[in-house]
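Q: Submitted below is the structure of interest, expressed as structure tokens.
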Amino acid sequence: MTSAATLTRTSGIRVAVTALAVFLGYYAGANFGFFLRLPPSTPSVIWPPNAILTATLLLTAPRRWPLYLAAAFPAHLLAELGRDWSAPLVLAYFATNCSEALIAAVSIRWLGDVPGRFDTLRRVGVFIFGAVFLGPFLSSFLDAGVTALHGESYWTVWKYRFFSNMLTELTVVPAVVTGVAAGRQWLGRVPVRRRLEALGLAVVVVVLSVVAFGTSDYGAMPGGARTPLAFLLPFLLWAAVRFGPGGASLAMLTTTVVAISMVMHHYAEPTRDEIVSLQVFIGVIAAPLMCLAALIEERRRAQEALAESLRFEEMLSRLSAAFVHLQSHEMDAAFDSWLQRLGESLHLDHVILRRAGSPHQPAITHSWSAPGVRTVPPVCAANWPLTGDTEGRRLRRDQALLLLRSSRTPPMADGRLPGPLESNLTLPLVARGQILGHLVLDPITLPRSVKSISALRLLAGVFAGALARKEAEDALRTSEAMKSAILTSLSTGVAVLDREGHIVAVNESWSRFVRADSALWDRAIGIGSSYLDAWRTAARKGVPHASDALAGIESVLARSRRTFAFEYADGLSPADYWIALSVVPLDRPEGGAVVSHTEVTERKRAEMEAQRSRQELAHFTRVSTMGELTASLAHELSQPLSGILTNAQAAQRFLAGTAPDLAEVRAILSDIVDDDKRAGEVIQRLRDLLRKSDLSRVPLDLNTLISDVARLLSSDAVIRNVAFVLELNAKPATVSGDRVELQQVILNLLLNAMEAMAETNGADRTIVLRTGNTDVDAVHVAIEDAGPGLGPDAERYIFEPFYTTKPAGMGMGLSIARSIVLAHDGLIWATNNPAHGATFHLALPLCSVLVG
Amino acid sequence: MGDAIVYVVDDDPSIRRSLERLLRAAGHTVETFVSAREFLERADLGVRGCLLLDVRMPGQSGLELQFVLEAAGHRIPLIFITGHADVPMAQQALQAGAVDLLAKPFDADALLGAVARALAASQQPA
Numbered sequence: 000m001t002s003a004a005t006l007t008r009t010s011g012i013r014v015a016v017t018a019l020a021v022f023l024g025y026y027a028g029a030n031f032g033f034f035l036r037l038p039p040s041t042p043s044v045i046w047p048p049n050a051i052l053t054a055t056l057l058l059t060a061p062r063r064w065p066l067y068l069a070a071a072f073p074a075h076l077l078a079e080l081g082r083d084w085s086a087p088l089v090l091a092y093f094a095t096n097c098s099e100a101l102i103a104a105v106s107i108r109w110l111g112d113v114p115g116r117f118d119t120l121r122r123v124g125v126f127i128f129g130a131v132f133l134g135p136f137l138s139s140f141l142d143a144g145v146t147a148l149h150g151e152s153y154w155t156v157w158k159y160r161f162f163s164n165m166l167t168e169l170t171v172v173p174a175v176v177t178g179v180a181a182g183r184q185w186l187g188r189v190p191v192r193r194r195l196e197a198l199g200l201a202v203v204v205v206v207l208s209v210v211a212f213g214t215s216d217y218g219a220m221p222g223g224a225r226t227p228l229a230f231l232l233p234f235l236l237w238a239a240v241r242f243g244p245g246g247a248s249l250a251m252l253t254t255t256v257v258a259i260s261m262v263m264h265h266y267a268e269p270t271r272d273e274i275v276s277l278q279v280f281i282g283v284i285a286a287p288l289m290c291l292a293a294l295i296e297e298r299r300r301a302q303e304a305l306a307e308s309l310r311f312e313e314m315l316s317r318l319s320a321a322f323v324h325l326q327s328h329e330m331d332a333a334f335d336s337w338l339q340r341l342g343e344s345l346h347l348d349h350v351i352l353r354r355a356g357s358p359h360q361p362a363i364t365h366s367w368s369a370p371g372v373r374t375v376p377p378v379c380a381a382n383w384p385l386t387g388d389t390e391g392r393r394l395r396r397d398q399a400l401l402l403l404r405s406s407r408t409p410p411m412a413d414g415r416l417p418g419p420l421e422s423n424l425t426l427p428l429v430a431r432g433q434i435l436g437h438l439v440l441d442p443i444t445l446p447r448s449v450k451s452i453s454a455l456r457l458l459a460g461v462f463a464g465a466l467a468r469k470e471a472e473d474a475l476r477t478s479e480a481m482k483s484a485i486l487t488s489l490s491t492g493v494a495v496l497d498r499e500g501h502i503v504a505v506n507e508s509w510s511r512f513v514r515a516d517s518a519l520w521d522r523a524i525g526i527g528s529s530y531l532d533a534w535r536t537a538a539r540k541g542v543p544h545a546s547d548a549l550a551g552i553e554s555v556l557a558r559s560r561r562t563f564a565f566e567y568a569d570g571l572s573p574a575d576y577w578i579a580l581s582v583v584p585l586d587r588p589e590g591g592a593v594v595s596h597t598e599v600t601e602r603k604r605a606e607m608e609a610q611r612s613r614q615e616l617a618h619f620t621r622v623s624t625m626g627e628l629t630a631s632l633a634h635e636l637s638q639p640l641s642g643i644l645t646n647a648q649a650a651q652r653f654l655a656g657t658a659p660d661l662a663e664v665r666a667i668l669s670d671i672v673d674d675d676k677r678a679g680e681v682i683q684r685l686r687d688l689l690r691k692s693d694l695s696r697v698p699l700d701l702n703t704l705i706s707d708v709a710r711l712l713s714s715d716a717v718i719r720n721v722a723f724v725l726e727l728n729a730k731p732a733t734v735s736g737d738r739v740e741l742q743q744v745i746l747n748l749l750l751n752a753m754e755a756m757a758e759t760n761g762a763d764r765t766i767v768l769r770t771g772n773t774d775v776d777a778v779h780v781a782i783e784d785a786g787p788g789l790g791p792d793a794e795r796y797i798f799e800p801f802y803t804t805k806p807a808g809m810g811m812g813l814s815i816a817r818s819i820v821l822a823h824d825g826l827i828w829a830t831n832n833p834a835h836g837a838t839f840h841l842a843l844p845l846c847s848v849l850v851g
Numbered sequence: 000m001g002d003a004i005v006y007v008v009d010d011d012p013s014i015r016r017s018l019e020r021l022l023r024a025a026g027h028t029v030e031t032f033v034s035a036r037e038f039l040e041r042a043d044l045g046v047r048g049c050l051l052l053d054v055r056m057p058g059q060s061g062l063e064l065q066f067v068l069e070a071a072g073h074r075i076p077l078i079f080i081t082g083h084a085d086v087p088m089a090q091q092a093l094q095a096g097a098v099d100l101l102a103k104p105f106d107a108d109a110l111l112g113a114v115a116r117a118l119a120a121s122q123q124p125a
């Protein structure tokens with residue numbers, strides 16, 4: 000069986016039961032009406048069938064009206080055929096009865112907002128106008144006309160029928176409608192005390208009605224001093240005040256029935272006009288009573304709504320206060336408890352908090368269900384958020400989603416009706432422009448305290464804020480945990496310093512770097528001790544470089560410098576244990592820094608190894624360069640030696656003479672001394688170049704160094720027919736470096752320039768050596784030749800090892816020059832000159848200690 | 000010997016002075032010049048004598064001066080002195096008419112012998 004068939008069957012049963020009730024009610028009402036009748040007048044004193052039809056039409060949809068009216072038809076025939084009326088008359092009366100109910104129902108539907116409700120003054124007013132006045136008023140013309148054919152007076156019939164039906168409509172319809180609407184509730188939830196109150200009130204009303212209308216003749220009743228009647232009024236008011244319009248109409252119905260029964264069956268025959276005046280009397284009491292009850296109900300509801308609204312707002316403010324001071328781990332419990340309070344306060348079945356885990360797979364993290372209510376079917380949790388369809392798209396946007404149980408909603412596979420969550424309100428939880436999840440309120444019939452969706456959006460806003468904070472704190476904790484794990488796993492020792500240089504935190508590796516047995520530290524330094532003091536002690540002990548390190552760390556702590564990096568040797572021999580120290584400031588208002596110690600012994604060893612290799616290679620190339628320079632060096636040495644020999648032999652000849660010119664001999668000796676010094680210098684320069692460098696960096700003037708090298712090569716230049724032009728800066732260009740290595744750079748560049756010019760026979764045979772200071776505290780050296788210049792792309796290769804254009808060259812000269820320059824933190828490059836030839840440039844940092 | 004003059008052209012002042020002293024001590028009249036250019040400007044080439052010439056000098060070299068003198072028709076005897084005796088250059092100089100070639104440092108007797116031979120050559124009629 001399909002679910003649609005189930006739906007149809009359910010609704011069919013309900014219609015059938017209603018039709019049966021209409022049939023029974025009509026039949027019973029008609030018989031009751033016949034019981035209260037004053038023949039020979041046709042209209043009954045009370046005629047409930049019309050009121051029962053009116054109540055039916057007010058409670059049902061217009062499309063069902065023909066069905067229910069048809070259900071009443073057999074009851075009508077059953078009740079009226081066999082009386083003293085002809086069949087056509089009976090049929091005509093059914094028509095007039097139906098017309099009264101239709102006029103009443105149509106006019107109430109047309110004029111009022113909700114048919115079948117008597118809880119506002121307006122609704123009661125519309126009811127009184129439509130059902131109590133207009134229905135009986137108009138239908139009575141028809142009824143009187145039909146009856147007049149029967150032989151009665153038209154206007155008498157009209158009058159009697161109008162007042163009778165007016166009173167019946169006034170007392171029966173609200174009683175029936177309220178009874179149907181509230182009857183189920185009265186069967187179930189109403190407290191015992193209230194039931195007892197209603198029962199007591201009913202007994203009192205019946206007794207007092209019997210007493211008031213049954214103990215004297217009714218004729219003097221409306222104007223007479225009948226004390227029991229006066230006593231009845233407070234209880235009618237009680238019913239109106241305590242039980243609303245339904246209670247009031249029920250009390251009035253009871254009073255009416257008792258009063259008319261008493262008057263008609265226990266006393267001397269009343270006239271029909273006396274009955275009318277009794278009807279008017281009861282009607283005049285009943286109508287304001289109904290209005291009063293409606294007013295009181297209206298006021299009560301307004302107060303309740305206000306109180307509920309206040310409660311809601313109070314809950315809202317408590318809710319927002321509750322989450323402010325909670326830690327994120329306490330929030331889960333708080334979410335649960337607040338979902339419960341929310342559900343209880345708004346009388347919901349389910350409240351669900353869904354977190355947007357991933358766009359397509361959100362997860363229900365917290366939920367609450369009212370006691371006795373089925374828990375949420377798991378299928379709802381798994382299927383959401385309805386990816387692809389309209390609801391899913393709306394859920395992913397910042398919109399509240401109202402899901403209604405509708406015919407559109409397909410039944411579930413097993414034929415059951417869709418679960419309770421098919422009709423609910425889903426509120427997006429939005430924080431910082433991001434949907435963090437949804438709050439689902441089920442069912443959607445919310446109490447009046449919740450005036451609009453915007454109030455619920457506030458609620459959602461509080462949950463969203465709390466959720467956002469929880470997520471942020473969870474993320475922070477995760478990140479903290481990750482950082483802590485990273486710090487622990489590092490082999491680098493890390494310590495956090497405060498502004499004064501005290502250690503506030505260290506990682507596990509830290510202790511390895513500050514062992515008490517190291518040469519640097521007197522004792523182990525850990526959290527609480529002063530890192531700066533430890534360095535100060537080391538500096539006082541005379542540990543090499545300790546004062547440099549101290550100054551660097553202090554400058555970072557004082558924010559006068561961004562970072563500080565330093566490498567030092569710890570241990571008995573400097574090469575044993577190398578540590579790289581790095582200090583970075585902490586970016587926070589209270590200052591401080593992070594210090595890390597990393598062991599770099601291996602790297603340092605490799606670096607020194609590489610440096611040694613480079614130096615050995617440089618030395619080897621120097622030695623081989625000397626081989627190339629032998630001819631020039633021989634000439635350089637032969638000059639002074641030749642001068643010495645010739646001078647000495649000239650002196651011998653002078654002294655062999657009879658009167659030796661001693662002044663001449665003195666001049667000769669002076670020249671010999673000078674020449675000898677000259678030869679010594681040549682040898683010294685040669686020795687310098689052939690010496691192995693000792694890795695020492697000393698401040699030296701690059702201008703002097705360049706002149707020395709140029710002089711060493713001057714004979715070679717003469718041989719090669721090349722002239723050196725020195726355009727050196729007047730100011731000393733002091734750099735920190737290894738003299739031999741820098742000489743080798745200049746030597747290689749000059750040899751390279753001369754060799755380049757050997758290939759050309761141009762008129763310009765000069766090599767210009769230029770020095771100048773740059774604006775970045777560096778000295779710039781340019782060696783400008785007049786050779787053929789560099790080939791295309793040569794600038795990229797000329798400094799590579801084994802790159803050469805010369806048949807006999809090894810291709811190491813420029814490569815060695817570059818490695819030396821780089822080791823001196825300098826730069827080397829080559830450019831082509833505008834006219835001809837190439838220029839080799841090098842830039843070396845000025846030695847700030849001496850320049851400053 | 001008397002009026003014969005020994006001209007010395009060498010850019011090295013120490014060499015110039017020592018040669019001048021040695022030649023004076025041996026009784027020669029000496030005139031020294033810093034460069035080939037100065038010699039061409041100042042020297043009296045009409046006088047009998049010989050020329051002591053450094054092979055390699057900045058500017059005009061000794062070989063170039065030899066060529067210029069040859070071209071101008073001055074047949075003054077030449078003695079080359081050089082810091083490094085490379086064979087091709089010595090051959091070139093001797094073929095061009097040089098009397099002798101001395102490698103620095105040279106012995107006084109060798110020099111004076113060469114000068115004596117040169118002056119003797121200069122007395123022979125051209």
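Line order of the protein sequences matches chains A and B. Numbering of the first sequence is given in numbering that gives the first Met the number 0, commencing with residue 0 and proceeding in unit increments. Numbering of the second sequence is given in numbering that gives the first Met the number 0, commencing with residue 0 and proceeding in unit increments. Cβ coordinates follow ideal geometry from the N, Cα and C atoms, glycine included.
1) Using the DSSP secondary-structure output, state which residues sit across from W828/A in a beta bridge.
2) Of the residues that make up the region 108 to 124 of chain B, which ones have a beta carbon closer than 9 Å to any beta carbon in chain A?
3) Give me whichever residues DSSP pairs with C49/B in a beta bridge.
4) Just how far apart, CA to CA, sit G771/A and A89/B?
5) To test your reading of the DSSP string, which unbroken alpha helix (DSSP H) runs of 4 or more residues are found completely within the region 78 to 156 of chain A?
6) So H328/A is in the alpha helix (DSSP H); what residue range does that whole segment cover?
7) So the candidates are R300/A, V582/A, S106/A; which of them puts its Cα closest to the Cα of S554/A?
8) Is any beta-carbon of chain B found at less than 9 Å from that of D763/A?
9) Closest Cβ-Cβ distance between R36/B and chain A: below 9 Å?
10) Specify, as a first and last residue, the run of the beta strand (DSSP E) that V44/A falls within.
11) For A484/A, count the other beta carbons within 10 Å of its own beta carbon; 16 or more makes it buried, fewer makes it exposed. Which is it?
12) Is D10/B near P57/B, with beta carbons less than 9 Å apart?
13) Could you spell out where the alpha helix (DSSP H) holding G432/A opens and where it closes?
14) Could you check if R604/A belongs to the surroundings of the ligand ATP, using beta carbon to heavy atom distance under 8 Å?
15) If we ignore side chains and look at the alpha-carbon of each, how far apart do A633/A and A548/A end up?
16) Figure out for me which residue from G464/A, L688/A, E615/A has the closest Cα to the Cα of S818/A.
17) What three-state label does DSSP hand H75/A in the structure shown?
18) Taking only beta carbons into account, state which residues of the region 707 to 719 of chain A come closer than 7 Å to chain B, listed in chain order.
19) So if I threshold CB-CB distances at 9 Å, which residues from the region 653 to 664 of chain A count as touching chain B?
20) Determine the contact status of V739/A and L841/A, defining contact as a CB-CB distance below 9 Å.
21) Under 7 Å Cβ to Cβ from R192/A, same chain only, skipping five residues before and after it: list those, please.
22) Which residues in the same chain as D142/A place their Cβ atom closer than 6 Å to its Cβ, once the five residues preceding and following it in sequence are excluded?
23) Classify V583/A as helix, strand or coil using the three-state DSSP reduction.
24) Should A109/B go down as buried or exposed, given a rule of 16 or more other Cβ atoms within 10 Å for buried?
25) Using three-state DSSP, classify I888/A as helix, strand or coil.
26) Verify whether the separation of the beta carbon atoms of L689/A and R611/A is less than 9 Å.
27) For P87/B, which three-state DSSP category applies?
28) Can a CB atom of chain A be found closer than 9 Å to the CB of G61/B?
29) Which one or two residues does DSSP pair with L22/B in a beta bridge?
30) Measure the alpha-carbon distance for D272/A versus L35/A and round it to whole angstroms.
31) Could you tell me which chain A residues have their CB closer than 7 Å to the CB of Q82/B, listed as they occur along the chain?
A: The structure says:
1) Looking at the DSSP assignment, W828/A forms a beta bridge with H840/A.
2) Contact annotation: in the region 108 to 124 of chain B, residues whose CB is within less than 9 Å of a CB in chain A are D108, L110.
3) BP columns for C49/B point to V5/B.
4) Their backbone Cα atoms lie some 44 Å apart in a straight line.
5) Fully enclosed alpha helix (DSSP H) runs of no fewer than 4 residues occupy 86 to 110, 120 to 126, 134 to 148 of the region 78 to 156 of chain A, in order along the chain.
6) Per DSSP, H328/A belongs to the alpha helix (DSSP H) from 327 to 344.
7) Among R300/A, V582/A, S106/A, the Cα nearest to that of S554/A is on V582/A.
8) So no, D763/A is outside the interface.
9) Not an interface residue.
10) Premise fails: V44/A is in no beta strand (DSSP E) and is neither H nor E.
11) Label assigned to A484/A: exposed.
12) Yes; because the gap between Cβ atoms is below 9 Å, this pair is in contact.
13) Per DSSP, G432/A belongs to no alpha helix (DSSP H) and is neither H nor E.
14) This structure lacks the ligand ATP, and indeed carries no ligand of any kind.
15) The alpha-carbon separation between A633/A and A548/A amounts to approximately 51 Å.
16) Ranking G464/A, L688/A, E615/A by Cα distance to S818/A puts E615/A first.
17) Three-state DSSP puts H75/A in a helix.
18) Within the region 707 to 719 of chain A, V717, I718 place their CB atoms closer than 7 Å to a CB of chain B, listed in sequence order.
19) Listed in sequence order: F653, A655, G656, E663.
20) The Cβ-Cβ distance between V739/A and L841/A does not fall below 9 Å.
21) Closer than 7 Å at the Cβ level, and outside the excluded window around R192/A, lies no residue.
22) Same-chain partners within the cutoff: T95, R160.
23) If DSSP states are grouped into helix, strand and coil, V583/A belongs with the strands.
24) Residue environment: A109/B is assigned as exposed (fewer than 16 neighbouring CB atoms within 10 Å of its CB, all protein chains considered).
25) Past the boundaries of the shown model lies residue 888/A; chain A is included only from 0 to 851, so the question cannot be answered.
26) Contact: no.
27) DSSP, read as helix, strand or coil, puts P87/B in helix.
28) No, its Cβ sits nowhere closer than 9 Å to a Cβ of chain A.
29) None, per the DSSP bridge assignment.
30) Whole-angstrom Cα-Cα distance: 15 Å.
31) First, the amino acid is wrong: residue 82/B is Gly here, not Gln. Chain-ordered, the chain A residues with CB closer than 7 Å to the CB of G82/B read A633, H634, S637, Q638.
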